[in-house]
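Chains A and B supply the protein sequences, listed in that same order. Following the numbering used here, the numbering of the first sequence begins with 15 at its first residue and continues without gaps. Following the numbering used here, the numbering of the second sequence begins with 15 at its first residue and continues without gaps. Where is the CB? At the ideal position from N, CA and C, for every residue including glycine. What follows is a single structure, written as structure tokens, with notes after it.
There are 2 protein chains.
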Amino acid sequence: MEKKITPTSKTQKRNEMIKSAFDIFYKNGFHATGVDTIIDGTGISKRTLYKHFLSKEGLIIATLNYYHETRYKEIAGYIEKAVVENPVDKVLMIFDLLIKLVDAGNVNGCFAMNAKTEYAHKAAEIEAVCDLHINKLEMLVEKYLFEANITDSKAIATQVIMLFEGSILRSKAIQSSAPIKLAKKAAKVICSQS
Amino acid sequence: MEKKITPTSKTQKRNEMIKSAFDIFYKNGFHATGVDTIIDGTGISKRTLYKHFLSKEGLIIATLNYYHETRYKEIAGYIEKAVVENPVDKVLMIFDLLIKLVDAGNVNGCFAMNAKTEYAHKAAEIEAVCDLHINKLEMLVEKYLFEANITDSKAIATQVIMLFEGSILRSKAIQSSAPIKLAKKAAKVICSQS
DNA sequence: ATTTATGTAAACTATTCTGTTTACTTCTTG
DNA sequence: CAAGAAGTAAACAGAATAGTTTACATAAAT
């Protein structure tokens, strides 16, 4: 009774839907985007969408997981591969990556924070994925700060992440990556002083 | 033909509506809140609402202006009245005020940033008020940094504001004012190093 | 070959949304 | 008192919303 599933089928359509939904939610917001809008772009039918996801909220959670997995891996991969003398330099590299993403026009705020803003105190599952994203980023930063023998690596990591998230907001407001460069400088000072 | 308007009339109902709308928008979000929800709490009719505001968007802009005026005055007043030796201490006081507000349960993110998130690239007028709020806060901080003879007061002000906004997000995520205390420490280091 | 899984297309339900309109009320002011 | 401004209440219009259902197509596996 073993079902031989071709590698593409089953998950392929699902992934298509998630990517398409992610793009539109990211640009348009969640409440402002109807499910009809999401399927319009793709050749996907509404029925298929609701076969794969219980509800619009289920689809949103899937896009959040997609965002977290790809973005976290991107960041972690970017700084892990670097060869530096001081692990603090790896932490500062998260700002370099962000600058590149913003300059490429691929950022419209932090997708996780956008979701958190729209669903605060309303959808616990959505909030949980957002929190996970930030916490994992913070733990990644903390790891390298710990390696650099920084005391209070946990507290410094929180400070760095707050600068990181704050710079995303500021760069969105003025449509420029300049604030991120300033945030990197500030992060450097904070890490050096510890 | 002079209309003798009692101080309360005319503007009173309008202000009532703005305050009521602000409370609900702040808690519930903008797209997630219908105009019916806003008038339900008050004894205000929908007709009156649309007499005073052209549209829901007009009401949102009014709530944003209300937020900016009250919050900015609150912050500016709080730090201006303080007697300190170093103007940098006034800058750091914005974090103290934020801690108080968060601990009192009066914060659900930055109202201006919440609006910016929901209406990015959609409603220029809404975005403009949000930008104004952040810019005026930044200029206030810059003023005191300049007084303290800090070189690059503009850049440091941006860094402080990014920490400020980032700490609002982080405090919302973990439902605690602890991140704001960390942000204050970080701001102190940044200002001292300049 | 036929069953099963997976898909599209589109009509449909039922609710909610913004905004308008009609009819009535209240209060102030000349 | 009469006129007019400002209000409430509620029905209404028209579009958009989330989600369901019916009918049909395709492709692979037993």
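- If you look at A:Gln173, you'll find it in the alpha helix (DSSP H) that goes 167–188.
- Listed in chain order, the positions of the region 65–96 of chain A with a beta carbon within less than 9 Å of a beta carbon of chain B would be empty, since no residue qualifies.
- For the pair B:Leu111 and B:Glu88, the CB atoms are nearer than the 9 Å cut-off.
- A straight line joining the alpha-carbon of A:Leu68 with that of A:Ala169 spans about 39 Å.
- By the Cβ neighbour-count rule, B:Thr165 is exposed, with fewer than 16 other Cβ atoms within 10 Å of its own.
- Under the 10 Å beta carbon count, B:Ile188 is surrounded by fewer than 16 other beta carbons and is classified as exposed.
- Closest option to B:Thr131, judged by alpha-carbon separation, among A:Tyr81, A:Glu152, A:Arg184, A:Met107: A:Arg184.
- The residue among B:Glu83, B:Ile74, B:Lys65, B:Lys195 with its C-alpha nearest the C-alpha of B:Ile38 is B:Ile74.
- Taking a Cβ-Cβ threshold of 9 Å, none of the residues of chain A is close to B:Met107; the smallest such distance is about 18 Å.
- Nearest in C-alpha terms to B:Ile175, of all of A:Phe160, A:Ile194, A:Ser167, is A:Ile194.
- Look at A:Thr165: its C-beta is not under 9 Å from any C-beta on chain B.
- B:Val98 is classed as exposed because its beta carbon has fewer than 16 other beta carbons within 10 Å across all chains shown.
- Note that the C-beta distance between A:Ile52 and A:Ala76 is not below 9 Å.
- Membership of A:Glu141 in the alpha helix (DSSP H) is indicated by the continuous run 138–161.
- Distance check between B:Asn128 and each of B:Ile108, B:Lys114, B:Gly72, B:Val143 places B:Val143 closest, using alpha-carbon atoms only.
- A:Ile204 and B:Met31 have their C-alpha atoms spaced approximately 44 Å apart.
- The beta carbon of B:Ala90 is closer than 8 Å to those of Leu154 in its chain, skipping five residues each way along the sequence.
- With distances taken between CA atoms, A:Tyr133 lies nearest to B:His45 out of B:His45, B:Thr25, B:Lys27.
- Residue-level contact by beta carbon holds for B:Gly123 and chain A, with a gap shorter than 9 Å.
- For A:Asn128, the three-state secondary structure derived from DSSP is helix.
- When secondary structure is reduced to three states using DSSP, B:Gly72 falls in the helix class.
- Counting only residues of its own chain and dropping the five nearest sequence neighbours on each side, A:Cys124 has a CB closer than 7 Å to the CB of Glu179, Ile182.
- Among the residues of the region 43–62 of chain A, those with a Cβ less than 9 Å away from any Cβ of chain B are Gly43, Phe44, His45, Ala46, in the order of the chain.
- Secondary structure note for B:Glu99: it is in no alpha helix (DSSP H), with a DSSP letter that is neither H nor E.
- Looking at the backbone, the Cα of A:Leu146 and that of A:Asn42 are separated by about 23 Å.
- Interface flag for A:Ser190 against chain B is unset, since no Cβ pair is found closer than 9 Å.
- Classified as exposed, A:Lys95 has fewer than 16 neighbouring CB atoms from the shown chains inside 10 Å of its CB.
- For B:Ala138, the closest of B:Glu71, B:Lys33, B:Gln173, B:Pro101 by C-alpha to C-alpha distance is B:Glu71.
- Nearest to A:Glu152 by C-alpha distance, out of A:Ala118, A:Tyr86, A:Ile58, A:Thr56, is A:Tyr86.
- At a C-beta separation below 7 Å, A:Glu156 has no neighbours in chain B, since its nearest C-beta there lies roughly 13 Å away.
- Rounded to the nearest whole angstrom, the CA to CA distance from A:Thr47 to A:Leu159 is 40 Å.
- A:His45 carries a coil assignment under DSSP once its states are collapsed to helix, strand and coil.
- The residues Phe125, in chain order, have a CB closer than 6 Å to that of B:Tyr81 in the same chain once the five nearest residues on each side in sequence are set aside.
- A direct Cα-to-Cα measurement between A:Tyr92 and A:His135 gives close to 34 Å.
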